[in-house]
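A.B. asks: Questions regarding the structure given below will be posed in turn.
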């Protein structure tokens, strides 16, 4: 049986957030695995594959987030690395298309660092494109009723810095996929006075990232240009 190793990262703390999806979603997927498809059937394209999921929570730190993720990468030798983070203003799942070579912090990170208009890698390219199959992921989201959108970039804070370093590393690897998914706040089910609450319930976020992992695994086994969507 073919084995595919997946690392899913999140960030370990956000001020004012009681339930952090960037910790809880990776943890649940590491504990439960891919399981059944959301419609109750099993994915035939993944038959005969054992997918091992490892979760890791990273500090919200320009200096330490990537080294912490790299330590896990070096010990698990993943085929796929999916980083996640919380985007407070998001109403659904955001698939990040591009990581830019820029740190420009409007607030301090966990180490009280506030780099302003600095390159992440002075010798690196201006940007990297994600290596995830966005088109096929969006098709799964549409089928499962997951509110989602493409995002042009992951900002200029630690999320983007981690994303850039991850793609800088995957560019040197053979057939390793890497990407970033921004998650909304965790919302309770239902409505407030007829207005939908911002964010998504945790179980729906878990299902969404499970779709991301499933499609990334399928794409790694059988790459197709039809799965790719950047612009």
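Numbering (the working numbering), first residue to last: 520 to 750. All C-beta atoms, glycine included, are put in the ideal place defined by N, C-alpha and C. All values derive from a computational prediction rather than experimental measurement.
1. Can you give the Cα-Cα distance for residue 681 and residue 662, rounded to whole angstroms?
2. When we look at the beta-carbon of residue 550 and count the other beta-carbons within 10 Å, is it buried (16 or more) or exposed?
3. Which term fits residue 580, buried or exposed, when burial requires 16 or more other beta carbons within 10 angstroms of its beta carbon?
4. Does the region 634-647 come close enough to the region 724-734 that 3 or more CB-CB pairs lie under 8 Å?
5. Using a 10 Å radius around the Cβ and a threshold of 16 neighbouring Cβ atoms, would you call residue 724 buried or exposed?
6. Rounded to a whole number of angstroms, what is the C-alpha to C-alpha distance between residue 655 and residue 613?
7. Quick one: what's got a C-beta closer than 7 Å to residue 715's C-beta in the same chain, skipping five residues either side?
8. Assuming residue 615 is part of the beta strand (DSSP E), what are its boundary residues?
9. If we count Cβ pairs, one from each stretch, closer than 8 Å, do we get three or more for the region 588-596 versus the region 665-674?
10. For my contact list, residue 705 and residue 721 are in at a C-beta cut-off of 8 Å; report their separation, rounded to the angstrom.
11. Run through DSSP, which three-state label would residue 547 get?
12. Do you know offhand how far residue 743's Cα is from residue 609's?
13. Helix, strand or coil for residue 524, going by three-state DSSP, please let me know.
14. Between residue 554 and residue 520, is the Cβ-Cβ spacing less than 7 Å?
15. Ignore the nearest five residues each way along the sequence and tell me which others in residue 537's own chain have a CB closer than 6 Å to its CB.
C.D. replies: Reading from the atomic positions:
1. Those two C-alpha atoms are separated by around 30 Å.
2. Exposed, by the Cβ-count rule.
3. Per the 10 Å Cβ criterion, buried.
4. No, they do not touch.
5. Burial call: buried.
6. If you take the alpha carbons of residue 655 and residue 613, they lie about 14 Å apart.
7. Confidence at residue 715 is low in this model, with a pLDDT of 48, below 50, so the placement of that residue is unreliable and no value is reported for it.
8. Residue 615 -> beta strand (DSSP E) spans 612-615.
9. Using a C-beta cut-off of 8 Å, the region 588-596 makes no contact with the region 665-674, since fewer than three inter-stretch Cβ pairs fall below that distance.
10. Yes, they are in contact, since the Cβ atoms of residue 705 and residue 721 sit about 5 Å apart, within 8 Å.
11. Assignment of residue 547 by DSSP, reduced to helix, strand and coil, places it in the helix class.
12. Taking the Cα positions, residue 743 is about 30 Å away from residue 609.
13. Note: residue 524 maps to strand in three-state DSSP.
14. No. Outside cutoff.
15. None.
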